[in-house]
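J.: Please find one structure pasted underneath; my questions will follow.
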Ligand code: SF4
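Chains as they are written, first to last, in our numbering: chain A, 4 to 434; chain B, 4 to 383.
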């Protein structure tokens, strides 16, 4: 077998560079896997190891620093039949740390080969996330200040299901790479090697010292039993297959005649727990039942269970243009939180506007007609207040009719919820 | 007439499905999150892939990988996420990777106000890539546009092999509206042009695929996906037609020129706009995005008051549709540009307007620009 190396582009690393050894080891590993070149994707990162993809005649993807795992993830999810091998230096490990942790947690079938040579070779030998504290680098004393990362320990802690560490010159390199690639889940291999160009000589580092270092840092070699689990892609497809088909967005056929086709702005002011936004939706569906065009905007704080809840609705016989509130034709006041936010717009209302006010809620002085309702006396519970207020509006006959409201409720709710809402409308209009 | 009731973000998700989107990845961010939620609802049951990245950089990275594997891909975020996307956007331009990016803009600068609207990212979308090469930016006005322009965005991404932005706004994305979906003029769905399979490796380097070689007379290279049957190459580094790094200045210059020309030279074929225009009018109101809705009201009010005002609403923002804009400047004394920022697109108009007066009505306070504000702005 001719192998997977690109005959037209032999490796061009510095003499003695570990990367070249790994290129050949990976080629051998692939040969042992009985795969064809078009089933293999090599995703490379930035730095000297970023040249890896050019030396192979396989699919090749070379992207931005630290992000190789992100591309690999998309490729593998789109084409599960591909063997996706990610090559990253210790630089990529540092800058792309979040992606490494997530790949460990995710367990998508990718193989990450870390070309770990303890420094940034390509940019001149600065310290990296794996530089030992006594390592001499172009980063001067800064290298001494940070503790080196043991990526195998980190990977195990993050839930990686396959972790291995070895020296680039290990006799069984090809075999162990093949085993990692064959593993049906995420596998990470930390490959320690020499960087004669920038690090080895400066630090007098020898192969024997590398091997010693590896022995000192005991790491799992192979599957991590406690983390072995279903592979992400298969898991995704298994669960996705059980999901129901999504429905269409809410749709309404006009079934009744609207009270007016002029533009009308309606402001609902309440607080969390009063289903104000849902009432806004019912109001819109009611408008649409009357053949109107509608828009709705909601306003509530990030603390969804506390504070104001406001809905702004526009009705119009023509397409709605400006979606902001002009002069509201109606303002519904259900809670002090909402009124506090928009009190000013109540104060400025003209005579022809109407305000529906729960008698427990104080509002600013206004020229608008105020309809005060003792919802508590009517036995309307807090979560039905907004529906009840819409019923009052329908009863006033200025913005919507009772058939429109009931049609809107019919589109929004089904079963018991619908009966309850219709019951509230009935009770309010019979008051 | 049956009308649906949905927000702009849902319309974008549904438009994406109609366009054949098979891959979505995103990271939660207000006010774009509901696009992700909708895609999660729509994609997996239909055999597509929806993922939540560990951050925005990962999310768009997933999309780039999936797109190279042949899937139509989309991601969605807001300003702070676009900032993080930046390096990957540059990659999508350089590597000619089709991708739709939705920006549901919120008030900046920085993390700004998550629930307030703005059109403050417009220039950032255009210029926020290293190298400064052109991108396509489309701007919806309403929920119907969200659907249609998302389909269009996919078509353009596939046709030109490039990232395409939909510059939405919190004020469209989270606003629900009645829409007659059946009546929408949805363009036919386009697929990316695939390269003919090249010869096998045994035939030697000459037979190797050339992933960045346009067809004779063309500017867009046919696409070679990561798939069985041939070998693909992708690289963010400066490359020649074979996808290998090059330092040849002639080649580098050619590629940069082609990347610019394939969009700048084609914008007439994807210039989308709405207008209510008459040559006799002496003022042109020019706007885009949600502000167009208030501008229509303002135009009516101004005309009713006897002013001669035309309106141009741009839905293709970049590349700047110069021919369209110049046509609308005809006979005008003044242009009033209205935008939800302190002046971004107005610079493009100043550049084109020559000796014509150009004024800005800009507002950046999280509120919609009201029709009355535009009326007063025009009256000066
Ligand atoms: S600088 Fe170091 S890593 Fe880079 S090629 Fe030379 S020896 Fe290898």
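Glycine included, each C-beta is placed from N, C-alpha and C at the ideal position.
Enumerate in chain order the residues of its own chain whose CB-to-CB distance from residue 209 of chain B is below 6 Å, with the five nearest sequence positions on each side excluded.
T.: Note on residue 209 of chain B: pLDDT 48, under 50, position unreliable in the model; the coordinate value appears next. Same-chain partners within the cutoff: there are none.
J.: Does DSSP put residue 48 of chain A in a helix, in a strand, or in coil?
T.: Looking at residue 48 of chain A - three-state DSSP - the assignment turns out to be coil, as it is neither helix nor strand.
J.: Looking at the structure shown, is residue 390 of chain A part of a helix, part of a strand, or coil, going by DSSP?
T.: helix
J.: Check the C-beta distance from residue 252 of chain B over to residue 161 of chain B and give it rounded, since I have them as a contact under 8 Å.
T.: That pair is no contact at about 31 Å.
J.: If I measure Cβ to Cβ from residue 132 of chain B and keep anything under 6 Å in the same chain, skipping five residues before and after, which residues do I get?
T.: 92, 93, 96
J.: One question on the structure: do residue 325 of chain A and residue 307 of chain B come within less than 9 Å of each other, judged by their Cβ atoms?
T.: no
J.: Short check: CB of residue 291 of chain B to CB of residue 144 of chain B, under 9 Å?
T.: For the 9 Å CB-CB criterion, residue 291 of chain B and residue 144 of chain B form a contact.
J.: With distances taken from CA atoms, which of A/278, A/289, A/366, A/35 is nearest residue 176 of chain A?
T.: A/35
J.: How would you call residue 361 of chain A, buried or exposed, if buried means at least 16 neighbouring beta carbons within 10 angstroms?
T.: buried
J.: For residue 199 of chain A, is the beta carbon positioned less than 8 Å from some heavy atom of the ligand SF4?
T.: yes
J.: State the DSSP-derived secondary structure class of residue 241 of chain A, mapped to helix, strand or coil.
T.: helix
J.: Going along the chain, which residues of the stretch 221–235 of chain B sit with their C-beta nearer than 8 Å to a C-beta in chain A?
T.: Those would be 229, 230, 231, 232, 233, 234, 235, in chain order.
J.: What does DSSP give as the partner residues of residue 291 of chain B in its beta bridges?
T.: B/317
J.: Here's a check: name, in chain order, each residue in its chain whose Cβ is nearer than 8 Å to the Cβ of residue 188 of chain B, leaving out the five neighbours to either side.
T.: 151
J.: Would you list the one or two residues that DSSP bridges to residue 170 of chain B?
T.: Per DSSP, the beta-bridge partners of residue 170 of chain B are B/106.
J.: Excluding the five sequence neighbours on either side, which residues of its own chain have a C-beta within less than 6 Å of the C-beta of residue 290 of chain A, listed in chain order?
T.: When the five nearest sequence neighbours on each side are left out, the beta carbons in the same chain lying within less than 6 Å of the beta carbon of residue 290 of chain A are those of 297, 318, in order along the chain.
J.: If contact means a Cβ-Cβ distance below 9 Å, which residues of the stretch 41–63 of chain B contact chain A?
T.: 41, 44, 45, 46, 47, 48, 49, 50, 51, 52, 53, 54, 56, 57, 58, 60, 61, 62, 63
J.: How about the stretch 50–69 of chain A and the stretch 46–59 of chain B: do they share at least three Cβ pairs that are nearer than 8 Å?
T.: no
J.: Looking at the C-beta of residue 60 of chain A, does it have a partner C-beta in chain B at a distance below 9 Å?
T.: yes
J.: Below 7 Å between beta carbons is the criterion; list the residues of the stretch 180–199 of chain B that meet it against any residue of chain A, in chain order.
T.: 180, 181
J.: Should the stretch 225–242 of chain A be regarded as contacting the stretch 151–163 of chain A, the criterion being three or more beta carbon pairs within less than 8 Å?
T.: yes
J.: Rounded to a whole number of angstroms, what is the C-alpha to C-alpha distance between residue 437 of chain A and residue 344 of chain A?
T.: This structure leaves residue 437 of chain A out entirely; chain A is present only between 4 and 434.
J.: Please report the distance separating the alpha-carbon of residue 329 of chain A from that of residue 314 of chain A.
T.: 14 Å
J.: Verify whether the separation of the beta carbon atoms of residue 31 of chain A and residue 11 of chain A is less than 9 Å.
T.: no
J.: Beta-carbon separation of residue 169 of chain A and residue 193 of chain A under 9 Å?
T.: yes
J.: For residue 249 of chain B and residue 325 of chain B, I'd like the C-alpha separation in whole angstroms.
T.: 34 Å
J.: Return the residue from the list A/346, A/353, A/259 that minimises the CA-CA distance to residue 365 of chain A.
T.: A/346
J.: Starting from the C-beta of residue 229 of chain B, find all residues in its chain whose C-beta is less than 6 Å away, skip the five residues before and the five after it, and write them out in chain order.
T.: 71, 72, 235
J.: Could you give the residue range of the beta strand (DSSP E) that holds residue 167 of chain A?
T.: Start and end: 165–170.
J.: Quick one, are the C-beta atoms of residue 355 of chain B and residue 141 of chain B less than 9 Å apart?
T.: no
J.: List, from N- to C-terminal side, the beta strand (DSSP E) runs of 3 residues or more that fit wholly inside the stretch 102–154 of chain A.
T.: 114–119
J.: Got a sec: which bits of the stretch 275–309 of chain A sit with their beta carbon under 9 Å from any beta carbon on chain B, in order along the chain?
T.: Flagged, chain order: 283, 284, 287, 288, 290, 291, 294, 295, 296, 297, 298, 299, 300, 301, 302, 303, 304, 305.
J.: If I follow the unbroken beta strand (DSSP E) through residue 249 of chain B, where does it start and stop?
T.: Residue 249 of chain B -> no beta strand (DSSP E), and no H or E assigned at all.
J.: Let me know if residue 268 of chain B comes out buried or exposed under the rule of 16 or more other beta-carbons within 10 Å of its beta-carbon.
T.: exposed
J.: Would the beta-carbon of residue 277 of chain A fall within 9 Å of that of residue 337 of chain A?
T.: yes
J.: If distances are taken between C-alpha atoms only, which option among A/106, A/327, A/349 comes closest to residue 266 of chain A?
T.: A/327
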